[in-house]
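Asker:
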Amino acid sequence: VREPGDAAEAAETQDASPSAPAAEVDSFDQIDYDNYFDNWLDPGFKSPATEDIEKPSFETFLSSPVTLTDHLRTQLSYEVLPDDVRDATEVILGNLEDTGYLMVSLEEIAQSESIPVAVLEKALKAVQAVEPGVGARSLQECLLLQLAHRGAEGGVAWQIVENYLPLVEKRDVRELARQLRRPAEHVEIALQVIRGLDPKPGIRFSGPGARQVAPDVYIFKDGGQWVIQISDEDLPQLRLNGNYRRLLDRDQEQDKKTRDYVRERFHSALQLIRNIEQRKQTILRVCQAIVERQAEFLEKGAEYLRPLMIKEVAEEIGVHASTVSRAVAGKYAHTPQGVLELRCFFSEAVQGPAGGNIPLQTLKRMVKKMIDEEDRSKPLTDDQLARLLQQQGIQVTRRTVAKYREDMLIPSTHQRRQRP
19 VREPGDAAEA
29 AETQDASPSA
39 PAAEVDSFDQ
49 IDYDNYFDNW
59 LDPGFKSPAT
69 EDIEKPSFET
79 FLSSPVTLTD
89 HLRTQLSYEV
99 LPDDVRDATE
109 VILGNLEDTG
119 YLMVSLEEIA
129 QSESIPVAVL
139 EKALKAVQAV
149 EPGVGARSLQ
159 ECLLLQLAHR
169 GAEGGVAWQI
179 VENYLPLVEK
189 RDVRELARQL
199 RRPAEHVEIA
209 LQVIRGLDPK
219 PGIRFSGPGA
229 RQVAPDVYIF
239 KDGGQWVIQI
249 SDEDLPQLRL
259 NGNYRRLLDR
269 DQEQDKKTRD
279 YVRERFHSAL
289 QLIRNIEQRK
299 QTILRVCQAI
309 VERQAEFLEK
319 GAEYLRPLMI
329 KEVAEEIGVH
339 ASTVSRAVAG
349 KYAHTPQGVL
359 ELRCFFSEAV
369 QGPAGGNIPL
379 QTLKRMVKKM
389 IDEEDRSKPL
399 TDDQLARLLQ
409 QQGIQVTRRT
419 VAKYREDMLI
429 PSTHQRRQRP
């Protein structure tokens, strides 16, 4: 398989290969392209910095494949939810198909499990939030959940999925453009977005053999020191096609046109290789910054998660915040705490005592604990919760407390009140 486009025309995939050299080259004739043809053919190459370090064995990883339920349960463990809703999420997980769809109605589950439909609705909302598309009850809902996760509500793609899904199957661009009163070009772009969505988001966790979330990064301790290794399994592994070497060796005067063409393709392929290496280095540097700040979390668990903003890491490694955001998007790390999404290491914060910061998840747990321990005949209002937190030196407003409470799917004061 060759991709993407012309840039990969002069490159082909290989099962194992070393990191591409990143040195800049001023002239085509100064390029030591023997290095790119020959070394990239050596399957035994290892980076000197990591060749003597043994990461967790692949066989060990395969012996405990991550199922869809395992993955969702791990992600939900970092969410602060009322106990009844958390218990209900387990019931929802148990009813998911391998595709990720929920094909049993909430009313049926409520009847068989004696759980209020309202609680099941909150549980389903929590499940859908941690893995967009999972927990959908139809293809339309599955796609809309994924679009919502991308912030595309109300856009052209959203309108197409919500109102004209049959026309997508027919690929009737002209009719879609007419119905939406949009240029065909806009419709084509929206259809590309829709085609990029996953109609069966649970499938990657199921199927024959050892199917699991493959870690992009391994984070583990070796000799008391944290070690970070990037997995190359899902990164395009490229080397230059040997056929182009023969074209480069032709006499320059007799076949100048061919040589110029190969030179252009060579530069494109070389840039692609370097971009992949740069991507790996960015992920590595992001993970190094994460480990420096979240070592306790890695060793002891969720309660030790520290506040960490994407912007903070971006400033440290000298890149834009959007670069870090793209680097961690959809990436997983194999850690002592299990296989986690890299985004789990980032947590918003609020100002705490003595000018320090408190992770958002910690604050949510504090709010939940106060509500769990309140007098049900006189439940705490959001204003009272805010004042209690302020007495502990935590700067938070009533509106903020209300937002956190709603995020945790905790009912309002009036709904929590139990009359004698």
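Here the numbering used here is used: the first residue of the sequence shown is 19, the next is one more, and so on.
Where is the CB? At the ideal position from N, CA and C, for every residue including glycine.
This one's a predicted model, so the numbers in the text were calculated from it and none came from an experiment.
Would you say Arg-383 reaches chain C, if we count a Cβ-Cβ gap shorter than 8 Å as a contact?
Answerer: Note that chain C does not occur in the displayed structure, where there is just one protein chain.
Asker: Excluding the 5 residues preceding and the 5 following Ala-420 in the sequence, name in chain order all residues of the same chain whose CB lies nearer than 7 Å to its CB.
Answerer: Translated into positions along the sequence shown, residue 420 becomes position 402. So the qualifying residues of the chain are Asp-400.
Asker: If I follow the unbroken alpha helix (DSSP H) through Ile-301, where does it start and stop?
Answerer: Counting from one through the sequence shown, the residue named residue 301 turns up at place 283. First-last of the alpha helix (DSSP H) with Ile-301: 274–311.
Asker: For the 8 Å Cβ check, are there 3 or more pairs between the stretch 345–358 and the stretch 403–414?
Answerer: With a cut-off of 8 Å, the stretch 403–414 and the stretch 345–358 do not count as touching, because too few Cβ pairs lie within range.
Asker: How about the stretch 150–167 and the stretch 193–206: do they share at least three Cβ pairs that are nearer than 8 Å?
Answerer: no
Asker: Less than 8 Å between the C-beta atoms of Leu-142 and Leu-120, yes or no?
Answerer: Stepping through the sequence shown from its first residue, residue 142 is reached at position 124. Stepping through the sequence shown from its first residue, residue 120 is reached at position 102. Cβ distance < 8 Å, so Leu-142 and Leu-120 count as in contact.
Asker: Could you check how far apart the C-beta atoms of Lys-382 and Val-103 are, in whole angstroms? I think they sit under 8 Å.
Answerer: Residue mapping note: residue 382 aligns to position 364 of the sequence shown, counting from 1. Residue mapping note: residue 103 aligns to position 85 of the sequence shown, counting from 1. Not quite, the Cβ-Cβ distance comes to about 13 Å (not below 8 Å), so this is no contact.
Asker: Tell me, which residues are paired with Asp-240 by DSSP?
Answerer: Position 222 of the sequence shown, counted from the start, is the residue given in the question as residue 240. Partner(s): Gln-243.
Asker: Taking 8 Å as the cut-off, decide whether the C-beta atoms of Thr-107 and Gly-220 are in contact.
Answerer: Taking the sequence shown and counting its residues from 1, the one referred to as residue 107 is at position 89. Taking the sequence shown and counting its residues from 1, the one referred to as residue 220 is at position 202. Not in contact: Thr-107 and Gly-220 (Cβ atoms no closer than 8 Å).
Asker: Could you tell me if Asn-293 is buried or exposed, where buried requires 16 or more neighbouring beta carbons within 10 angstroms of its beta carbon?
Answerer: As a first step, residue 293 is located in the sequence shown; it is residue number 275 there, counting from the start. Flag for Asn-293 reads exposed.
Asker: Look at the alpha carbon of Asp-234 and the alpha carbon of Gln-379, and state the distance between them as a whole number of angstroms.
Answerer: Here the question's residue 234 lines up with position 216 in the sequence shown. Here the question's residue 379 lines up with position 361 in the sequence shown. Distance between the alpha carbons of Asp-234 and Gln-379 is about 25 Å.
Asker: Would a C-beta distance cut-off of 8 Å place Val-342 and Arg-361 closer than the cut-off?
Answerer: Numbered from 1 along the sequence shown, position 324 holds the residue referred to as residue 342. Numbered from 1 along the sequence shown, position 343 holds the residue referred to as residue 361. Contact flag unset, no.
Asker: I'd like to check one pair, Gln-177 with Leu-157: are the Cβ atoms closer than 8 Å?
Answerer: As a working mapping, residue 157 is identified with position 139 in the sequence shown. As a working mapping, residue 177 is identified with position 159 in the sequence shown. No.
Asker: Could you tell me if Lys-298 is buried or exposed, where buried requires 16 or more neighbouring beta carbons within 10 angstroms of its beta carbon?
Answerer: Taking the sequence shown and counting its residues from 1, the one referred to as residue 298 is at position 280. Under this definition Lys-298 is a buried residue.
Asker: With a CB to CB cut of under 6 Å and the five nearest residues on each side skipped, what residues in its chain are close to Ala-202?
Answerer: Here residue 202 is taken as the residue at index 184 of the sequence shown, counted from 1. Contacts found: Val-191 and Ala-195.
Asker: For Leu-94 versus Ala-175, is the C-beta spacing smaller than 8 Å?
Answerer: On the sequence shown, position 76 is the one that residue 94 refers to. On the sequence shown, position 157 is the one that residue 175 refers to. Not a contact, by the Cβ cut-off of 8 Å.
Asker: Taking Asn-375 as part of the beta strand (DSSP E), name the residues at either end of that continuous run.
Answerer: Translated into the one-based positions of the sequence shown, residue 375 becomes position 357. Unbroken beta strand (DSSP E) run through Asn-375: 375–377.
Asker: To the nearest angstrom, report how far apart His-89 and Lys-274 are at their CA atoms.
Answerer: Here residue 89 corresponds to residue number 71 of the sequence shown, with the count starting at 1. Here residue 274 corresponds to residue number 256 of the sequence shown, with the count starting at 1. If you take the alpha carbons of His-89 and Lys-274, they lie about 56 Å apart.
Asker: What runs of the beta strand (DSSP E), each 3 residues or longer, lie entirely inside the stretch 324–368?
Answerer: 350–353 and 356–359
Asker: According to DSSP, is Leu-99 helix, strand or coil?
Answerer: Counted from its first residue, the sequence shown places residue 99 at position 81. DSSP places Leu-99 in coil when its eight states are reduced to three.
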